[in-house]
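Accompanying notes for the structure given below.
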Amino acid sequence: MTKVWMDIIKKEGTIRITDQLPLYFIHEHESDWQAETNVMENSGIDGLIPGKNTFAPFTKTFTFVVKTRQSELLKMVKREIKKLVGSRESYFVRYEREPGNLFAIDNVKITWENEEKAMFAGAVLTLEFNVYKGYSESWATTLDPMLFSTNKWAIGLNLPLGEDLSYIHTDKTFRIYNASTDTIDPRMRHKLTIALSCEGQPTLTNETTGDYFTYYKALKKTDVLVLSGVYPYKNDTHCGKDTNHGVITLATGWNEFELTGAEEIEIKFDFPFVYR
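Listed below in structure tokens is the structure:
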């Protein structure tokens with residue numbers, strides 16, 4: 001048994017429940033991911049036509065020993081646990097063994113065992129969280145400083161050693177690194193915000209994936225064009241009708257970009273990495 005911290009991150013703020021309650025970590029278990037295959041079948045044609053697989057939610061289970069000096073105190077701990085991890089809205093869990101990852105939670109199952117031993121060996125608490133997105137995501141985003149000293153980045157996030165990763169560019173050709181274990185695809189509700197200021201009628205092309213996005217009207221340097229997932233905005237006003245309705249995705253690893261039809265460029269990519 002040891003003290004391993006766990007944070008519950010809600011809109012109201014972050015609570016380190018292991019500091020507030022006598023919880024001693026035993027182990028953690030993550031269920032295997034399950035892919036749901038999407039296929040089409042055409043009558044009179046052999047086989048199936050494969051589509052994109054989607055991934056189901058998985059569970060992240062934590063087991064703790066809970067020790068109290070009085071049996072009545074265990075009741076208080078049980079009430080406090082319900083208050084801290086039970087919620088009408090989704091939230092994130094982060095913990096010490098994977099400090100760079102966030103797990104999006106929409107439900108939790110609370111199980112108690114050996115409650116009568118709380119004053120001696122300790123009662124056993126199991127928290128089975130449902131990670132509804134089907135993946136974890138990095139606590140930091142690409143616009144956070146890429147320094148381990150910030151405590152937002154951690155070992156195990158697939159960050160390449162010795163590489164100078166930049167997500168703000170002023171040249172017409174540049175590279176963006178995706179450290180995820182999956183393609184960043186806004187159509188899968190992955191977070192990706194691209195902000196561009198420039199002069200001209202820009203076309204942004206990911207040469208690696210073949211995706212491209214075009215804004216047909218002229219931009220001034222004082223304008224800000226934002227691709228927020230699949231939705232484009234000019235100066236905070238939706239502008240989809242003035243575009244080719246293109247969606248930019250990011251393959252795993254390096255993505256080679258080119259920006260044409262524009263001058264005086266500044267472009268920023270802001271997104272967390274995703275991990276399965």
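Going by UniProt numbering, the first residue of the sequence shown is number 1, and it counts up by one from there. Each residue gets a CB set at the ideal place from its N, CA and C atoms; glycine is no exception.
Taking C-alpha atoms, which residue in the options lies nearest to residue i?
{"i": "residue 269", "options": "260, 175, 263, 240", "result": "175"}
{"i": "residue 184", "options": "65, 229, 239", "result": "229"}
{"i": "residue 97", "options": "90, 224, 265, 4", "result": "4"}
{"i": "residue 169", "options": "264, 34, 67", "result": "264"}
{"i": "residue 107", "options": "87, 70, 173", "result": "87"}
{"i": "residue 214", "options": "186, 235, 243, 198", "result": "243"}
{"i": "residue 163", "options": "172, 149, 179, 171", "result": "179"}
{"i": "residue 9", "options": "152, 90, 181, 141", "result": "90"}
{"i": "residue 33", "options": "259, 75, 133", "result": "133"}
{"i": "residue 112", "options": "158, 125, 233", "result": "125"}
{"i": "residue 19", "options": "57, 95, 31, 172", "result": "95"}
{"i": "residue 80", "options": "43, 42, 21", "result": "21"}
{"i": "residue 156", "options": "165, 100, 172, 150", "result": "100"}
Given a cut-off of 8 Å, decide if residue j and residue i are closer than it, judged by their beta-carbon atoms.
{"i": "residue 93", "j": "residue 40", "result": "no"}
{"i": "residue 248", "j": "residue 196", "result": "no"}
{"i": "residue 129", "j": "residue 276", "result": "no"}
{"i": "residue 131", "j": "residue 82", "result": "no"}
{"i": "residue 261", "j": "residue 202", "result": "yes"}
{"i": "residue 167", "j": "residue 254", "result": "no"}
{"i": "residue 193", "j": "residue 251", "result": "no"}
{"i": "residue 53", "j": "residue 72", "result": "no"}
{"i": "residue 102", "j": "residue 137", "result": "yes"}
{"i": "residue 2", "j": "residue 27", "result": "no"}
Please look up how many angstroms separate the CB atoms of residue i and residue j, rounded, as I've assumed it's under 8 Å.
{"i": "residue 191", "j": "residue 271", "result": "5 Å"}
{"i": "residue 218", "j": "residue 246", "result": "Not quite, the Cβ-Cβ distance comes to about 18 Å (not below 8 Å), so this is no contact."}
{"i": "residue 127", "j": "residue 110", "result": "6 Å"}
With 16 other CB atoms within 10 Å as the buried threshold, where does residue i fall?
{"i": "residue 145", "result": "exposed"}
{"i": "residue 221", "result": "exposed"}
{"i": "residue 105", "result": "buried"}
{"i": "residue 135", "result": "buried"}
{"i": "residue 23", "result": "buried"}
{"i": "residue 14", "result": "exposed"}
{"i": "residue 139", "result": "buried"}
{"i": "residue 11", "result": "exposed"}
{"i": "residue 267", "result": "buried"}
{"i": "residue 25", "result": "buried"}
{"i": "residue 67", "result": "buried"}
{"i": "residue 50", "result": "exposed"}
{"i": "residue 142", "result": "buried"}
Run through the DSSP bridge pairs and tell me what residue i is partnered with.
{"i": "residue 93", "result": "8, 103"}
{"i": "residue 178", "result": "253"}
{"i": "residue 234", "result": "225, 237"}
{"i": "residue 24", "result": "65"}
{"i": "residue 215", "result": "243"}
{"i": "residue 35", "result": "55"}
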